[in-house]
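Let me begin by presenting the structure, written as structure tokens, before commenting on it.
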Amino acid sequence: MNTSNQEASPLTSAATNSKGQRLSPSALLEYCDHKIDREALKTLAGQSILHPRQFNRRSVVAIAQLAALLESRNVEMDKPLDGKIAITAFFEASTRTRLSFESAVLRLDGKVLSVPDGQVTGIAKGESLADIGEMFNTYGDVVIMRHPDTNCLDEISKNLQRPLINAGNGSGHHPTQALIDWYALLKWRPELCRSDCPPEKRVHLGIIGTPGSMRAVKSFVRLALMFPGAVKKITLISELADPVGLDLTEPIEESAIELEIINDVQEVLPELDVVYVNSIAFLGDSYRKLDARYKLDAGSRLKSGAVILHPLARNDEVSENLDETEHNLYFAQAAGAVFVRQSVLASVLDRLDRISGLGES
Amino acid sequence: MNTSNQEASPLTSAATNSKGQRLSPSALLEYCDHKIDREALKTLAGQSILHPRQFNRRSVVAIAQLAALLESRNVEMDKPLDGKIAITAFFEASTRTRLSFESAVLRLDGKVLSVPDGQVTGIAKGESLADIGEMFNTYGDVVIMRHPDTNCLDEISKNLQRPLINAGNGSGHHPTQALIDWYALLKWRPELCRSDCPPEKRVHLGIIGTPGSMRAVKSFVRLALMFPGAVKKITLISELADPVGLDLTEPIEESAIELEIINDVQEVLPELDVVYVNSIAFLGDSYRKLDARYKLDAGSRLKSGAVILHPLARNDEVSENLDETEHNLYFAQAAGAVFVRQSVLASVLDRLDRISGLGES
Amino acid sequence: MNTSNQEASPLTSAATNSKGQRLSPSALLEYCDHKIDREALKTLAGQSILHPRQFNRRSVVAIAQLAALLESRNVEMDKPLDGKIAITAFFEASTRTRLSFESAVLRLDGKVLSVPDGQVTGIAKGESLADIGEMFNTYGDVVIMRHPDTNCLDEISKNLQRPLINAGNGSGHHPTQALIDWYALLKWRPELCRSDCPPEKRVHLGIIGTPGSMRAVKSFVRLALMFPGAVKKITLISELADPVGLDLTEPIEESAIELEIINDVQEVLPELDVVYVNSIAFLGDSYRKLDARYKLDAGSRLKSGAVILHPLARNDEVSENLDETEHNLYFAQAAGAVFVRQSVLASVLDRLDRISGLGES
Numbered sequence: 001m002n003t004s005n006q007e008a009s010p011l012t013s014a015a016t017n018s019k020g021q022r023l024s025p026s027a028l029l030e031y032c033d034h035k036i037d038r039e040a041l042k043t044l045a046g047q048s049i050l051h052p053r054q055f056n057r058r059s060v061v062a063i064a065q066l067a068a069l070l071e072s073r074n075v076e077m078d079k080p081l082d083g084k085i086a087i088t089a090f091f092e093a094s095t096r097t098r099l100s101f102e103s104a105v106l107r108l109d110g111k112v113l114s115v116p117d118g119q120v121t122g123i124a125k126g127e128s129l130a131d132i133g134e135m136f137n138t139y140g141d142v143v144i145m146r147h148p149d150t151n152c153l154d155e156i157s158k159n160l161q162r163p164l165i166n167a168g169n170g171s172g173h174h175p176t177q178a179l180i181d182w183y184a185l186l187k188w189r190p191e192l193c194r195s196d197c198p199p200e201k202r203v204h205l206g207i208i209g210t211p212g213s214m215r216a217v218k219s220f221v222r223l224a225l226m227f228p229g230a231v232k233k234i235t236l237i238s239e240l241a242d243p244v245g246l247d248l249t250e251p252i253e254e255s256a257i258e259l260e261i262i263n264d265v266q267e268v269l270p271e272l273d274v275v276y277v278n279s280i281a282f283l284g285d286s287y288r289k290l291d292a293r294y295k296l297d298a299g300s301r302l303k304s305g306a307v308i309l310h311p312l313a314r315n316d317e318v319s320e321n322l323d324e325t326e327h328n329l330y331f332a333q334a335a336g337a338v339f340v341r342q343s344v345l346a347s348v349l350d351r352l353d354r355i356s357g358l359g360e361s
Numbered sequence: 001m002n003t004s005n006q007e008a009s010p011l012t013s014a015a016t017n018s019k020g021q022r023l024s025p026s027a028l029l030e031y032c033d034h035k036i037d038r039e040a041l042k043t044l045a046g047q048s049i050l051h052p053r054q055f056n057r058r059s060v061v062a063i064a065q066l067a068a069l070l071e072s073r074n075v076e077m078d079k080p081l082d083g084k085i086a087i088t089a090f091f092e093a094s095t096r097t098r099l100s101f102e103s104a105v106l107r108l109d110g111k112v113l114s115v116p117d118g119q120v121t122g123i124a125k126g127e128s129l130a131d132i133g134e135m136f137n138t139y140g141d142v143v144i145m146r147h148p149d150t151n152c153l154d155e156i157s158k159n160l161q162r163p164l165i166n167a168g169n170g171s172g173h174h175p176t177q178a179l180i181d182w183y184a185l186l187k188w189r190p191e192l193c194r195s196d197c198p199p200e201k202r203v204h205l206g207i208i209g210t211p212g213s214m215r216a217v218k219s220f221v222r223l224a225l226m227f228p229g230a231v232k233k234i235t236l237i238s239e240l241a242d243p244v245g246l247d248l249t250e251p252i253e254e255s256a257i258e259l260e261i262i263n264d265v266q267e268v269l270p271e272l273d274v275v276y277v278n279s280i281a282f283l284g285d286s287y288r289k290l291d292a293r294y295k296l297d298a299g300s301r302l303k304s305g306a307v308i309l310h311p312l313a314r315n316d317e318v319s320e321n322l323d324e325t326e327h328n329l330y331f332a333q334a335a336g337a338v339f340v341r342q343s344v345l346a347s348v349l350d351r352l353d354r355i356s357g358l359g360e361s
Numbered sequence: 001m002n003t004s005n006q007e008a009s010p011l012t013s014a015a016t017n018s019k020g021q022r023l024s025p026s027a028l029l030e031y032c033d034h035k036i037d038r039e040a041l042k043t044l045a046g047q048s049i050l051h052p053r054q055f056n057r058r059s060v061v062a063i064a065q066l067a068a069l070l071e072s073r074n075v076e077m078d079k080p081l082d083g084k085i086a087i088t089a090f091f092e093a094s095t096r097t098r099l100s101f102e103s104a105v106l107r108l109d110g111k112v113l114s115v116p117d118g119q120v121t122g123i124a125k126g127e128s129l130a131d132i133g134e135m136f137n138t139y140g141d142v143v144i145m146r147h148p149d150t151n152c153l154d155e156i157s158k159n160l161q162r163p164l165i166n167a168g169n170g171s172g173h174h175p176t177q178a179l180i181d182w183y184a185l186l187k188w189r190p191e192l193c194r195s196d197c198p199p200e201k202r203v204h205l206g207i208i209g210t211p212g213s214m215r216a217v218k219s220f221v222r223l224a225l226m227f228p229g230a231v232k233k234i235t236l237i238s239e240l241a242d243p244v245g246l247d248l249t250e251p252i253e254e255s256a257i258e259l260e261i262i263n264d265v266q267e268v269l270p271e272l273d274v275v276y277v278n279s280i281a282f283l284g285d286s287y288r289k290l291d292a293r294y295k296l297d298a299g300s301r302l303k304s305g306a307v308i309l310h311p312l313a314r315n316d317e318v319s320e321n322l323d324e325t326e327h328n329l330y331f332a333q334a335a336g337a338v339f340v341r342q343s344v345l346a347s348v349l350d351r352l353d354r355i356s357g358l359g360e361s
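Chains as they are written, first to last, in full-length UniProt numbering: chain A, 1 to 361; chain B, 1 to 361; chain C, 1 to 361.
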């Protein structure tokens, strides 16, 4: 194998967060005896990543394992995405998500065609998404798209023949963000990857937000429902009477996990092991900001050892005075994003055999 | 030759359109006995590509041949643009054209400096194009520019010492688009590349649009006039009394091809072998949309075997219900864009010797 | 050493200005007996470049020497920034500066994550610069930032753990521009790099502008004060009573260089060896344009042999009719920008050992 040792590159050597919990990827790898579920990853080859329903507990864990291997530095890579071009088509601007994907592509030695703001650069002036998909067929090998319309995936897929990665479709889903959220949880507590997680390690999950209209929250809940052995209860905290939304109704009914909906965060906060918060303002101009009573700060009655997740960017719903505390898992969560996206891209583009340490091929 | 076999890269392996006619590049190559006119390509070395008058039938065919070789996958390349930086300077936004050029550069292992929207990113705030040209001298090796002002080429050329590729100058020209149009025609019917095309293969060309004010149409006609052995007649269909414009008057007079101008598309449609359509709305804010009677759909009285060309993006002047028909050559046309631009870039940057299969050097 | 000979790349071979003085980098290298002060460069390894006070005469000269080596083509490089990602985060748009940095990164075989316009792409919508810095930790290896707020450096540095290069912070500083200005002066007259410059080579420096509110001017003066052996006098020409500003008061007091402030450029113009001009309009919307009496053209009473510096972009404060004259050092100055930034990046990212001709390692 003509390898380029990752140790030579400080890219991975110091890729850790500045504050809050610092999670070692080794813990997860050791918990799995360094065996990565390559078969589960191979099922993604050539596939589009559109909706969290495409995953199951096994593939979520496998993606996290490969992300951990990549983050661990203990890996040799032979330019995994050499000769591949990824198109980042952001019709709804999001520098954070775009740069995260582009960094993942570049670190795997792929190339990037970037559309930082499809709405203003004229790409969509009157042109149909179907025609744009036809165009992308000959420009690149994989398309990473964010778009404000929930129906965008069907539209572009009319002609697109390349794998499509959904980086957020309107009020639909944001599947790779949910994978990132779960990577953070699995690094934090590797026992959660088991179907029979020890009872004392199982978590009570609190979610401040509205999965029905917030795609990142919705995708996170969708994956959480795949971990009945690890999640003992989900509490949705929302000011709305029905925050769940149609898309989750059936998965919730079919899951063995108890789900309750309450209005007052104070009521349940001291019981939660994991608190997931999102920033409404970032979901679109028509959304309100989170009400003041749902905001968390260092004075909030968080359980000892409880951790906060936030997909970022944040406004003031999670105070900066929490950054230096043990509750801050959101910085570690953000620090894992590039590795999870590398894991997804190497799998989708079928280049796992260029990454050593993945076991038999 | 230290080669990187293109077969390893799916970039070229499946770079075909989803619908309509799928054109094999092999047909053109075989028709030419796989002999590519390398001498014609070498005349482009170090040259700017500003105006279609720089080409002739021989060089148009040679560029198409190299594009076909690149599209055929039966080629080995030694990083043709290694160490070269292309600047894509789009003072008028066009994601389609910009990405097409950038994809071409990246596939030849060149690098890109991208200015997605020069009008809003401050590059042109008060600064002269001459000064911008001076700046580009030290930033890159070739400049690919689109600009709303027709005079932009003279302005930037005051100081620019690098080859300049005109990707659309106001109501001027768009020479590489015309090369792409002709690549589609030559793949579709290779006999058209001959000066003595068999009579039954010669085409009656219909053009719906106004070459005088539409640069893509103007450039296409300019190249068409270089193929008197292949084009038996050109019919311009326009609502204007004089759609031709000054720039084409002399070439039309000097050409052996008959050119007629009519107002009613229905009158001539059943006789046309090739129908070229453009979308007025994309040419600038002050242009009108095409009148409804000029629109084509699956019910239009197209001749059997007739093909439609459109430089895209389209609005509704070519209905999506034509996409699945044999008349749809516009998707194949779009699919050839990246290969034609690779062909031009490798020639201009004088790196033909890094592409195998081009005959003696 | 697995080298890629730069001679193969026309990037450096013709990287010279089209008009005005053409400066050979060899003169500076020969003046220093081709000995580059590697120790001075090594002090920059891992450092952020925020303020000109971080430099001294020795390091300014060393950076210029390495820039000259890179510009001279007489150098072999082993992909100095291989595996490194630079993030160009421009919250205040500046295509000139952004492309210059990106070109420098690409020429050293690094990779780029580009944020062409942070203000409009949503990166800053409500998100703190501290959170953005945290994000950048895991996305890249060095951050190059321009921002309209003078306090931005402190803000982003709260969490950022990667070297930060200040590409302009509000009315603060623009240190790499000042290095570029001095690179031009040292190429023009290599004797200026000495602490004991021969008297007849010492220069009277005139500066048309307001260092107190113009960051490029301020940074240039700050470096000039480090060259008391070369600069015999600085004359500030401004319509303001106190153009100096707080940041420069102490350095001026401590410097051995005489500094005078006058209002009328005509009074001193015939005595100046170097005239530094800036374009106020480019500093922000709230700044006025330079008054007509401060404008220079071919009719201005410039001393024979005097040279004009301008960080560009310019409006009309330096007339284009000066471009063809010997006074035009500003085009040569601009042509050196990419080499100086390469010099800084290779030093900061500690990859000097991948550039041959730098002496012992």
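All residues carry an ideal CB built from backbone N, CA and C; glycine is no exception.
Taking C-beta separations shorter than 6 Å and ignoring five residues to either side along the sequence, the partners of residue 161 (chain C) in its chain run 137, following chain order.
Among the residues facing chain C, residue 313 (chain A) is included, as its CB has a counterpart in that chain under 8 Å away. Residue range 111-115 is occupied by the beta strand (DSSP E) that includes residue 114 (chain A). Along the region 318-349 of chain A, the positions whose C-beta sits under 9 Å from a C-beta of chain C are 320, 323, 331, 334, 335, 336, 337, 338, 339, read in chain order.
At least one beta carbon of chain B lies nearer than 8 Å to the beta carbon of residue 18 (chain C). The criterion of a C-beta distance shorter than 8 Å is not satisfied by residue 73 (chain A) and residue 338 (chain A). Residue 241 (chain A) and residue 32 (chain A) have their C-alpha atoms roughly 41 Å apart. Using beta-carbon distances, residue 102 (chain B) counts as an interface residue toward chain A, with a partner under 8 Å.
Between residue 307 (chain B) and the set B:318, B:324, B:113, B:329, the nearest pair of CA atoms involves B:329. In the DSSP assignment, residue 212 (chain B) falls outside any beta strand (DSSP E), carrying neither H nor E. Assignment of residue 156 (chain C) by DSSP, reduced to helix, strand and coil, places it in the helix class. Under the criterion of beta carbons closer than 8 Å, residue 165 (chain B) and residue 132 (chain B) do not qualify as touching, at roughly 15 Å. Residue 338 (chain C) is bridged by DSSP to nothing; it lacks a bridge partner. Residue environment analysis places residue 71 (chain B) among the buried positions, since at least 16 neighbouring C-beta atoms fall within 10 angstroms of its C-beta.
For a Cβ distance threshold of 8 Å, residue set 85, 111, 113 of chain B lies close to residue 106 (chain C), ordered along the chain. By the neighbour-count criterion, in which a residue is buried when 16 or more other Cβ atoms sit within 10 angstroms of its Cβ, residue 343 (chain B) is buried.
By the neighbour-count criterion, in which 16 or more other beta carbons inside 10 Å mark a residue as buried, residue 35 (chain C) falls on the exposed side. If you draw a straight line from the Cα of residue 292 (chain C) to the Cα of residue 318 (chain C), it is about 11 Å long. Residues of chain C whose Cβ lies closer than 8 Å to the Cβ of residue 54 (chain B) do not exist; the shortest such Cβ separation is about 21 Å. Residue burial annotation: residue 163 (chain B) is buried, with at least 16 other C-beta atoms found within 10 angstroms of its C-beta. The closest CA to that of residue 252 (chain B), considering only B:134, B:79, B:211, is found on B:211. Going by DSSP, residue 301 (chain B) is part of no beta strand (DSSP E) at all; its letter is neither H nor E. Residue range 95-107 is occupied by the alpha helix (DSSP H) that includes residue 107 (chain A).
Using a CB distance below 9 Å, the part of the region 129-148 of chain A facing chain B consists of 130, 131, 132, 133, 134, 135, 136, 137, 138, 139, 140, 141, ordered along the chain. According to the DSSP assignment, residue 145 (chain A) belongs to the beta strand (DSSP E) that extends over 142-147.
When DSSP states are grouped into helix, strand and coil, residue 77 (chain B) belongs to the strand group. Beta-carbon to beta-carbon, residue 21 (chain C) and residue 188 (chain C) are separated by about 7 Å, close enough to satisfy the 8 Å threshold. Cβ contact annotation for residue 327 (chain C) (same chain, cutoff 7 Å, sequence separation greater than five): 302, 306, 307, 308, in chain order.
Along the region 89-100 of chain C, the positions whose C-beta sits under 7 Å from a C-beta of chain B are 93, 94, 95, 96, 99, 100, read in chain order.
In this structure, DSSP gives residue 263 (chain A) a state outside helix and strand, which the three-state scheme calls coil.
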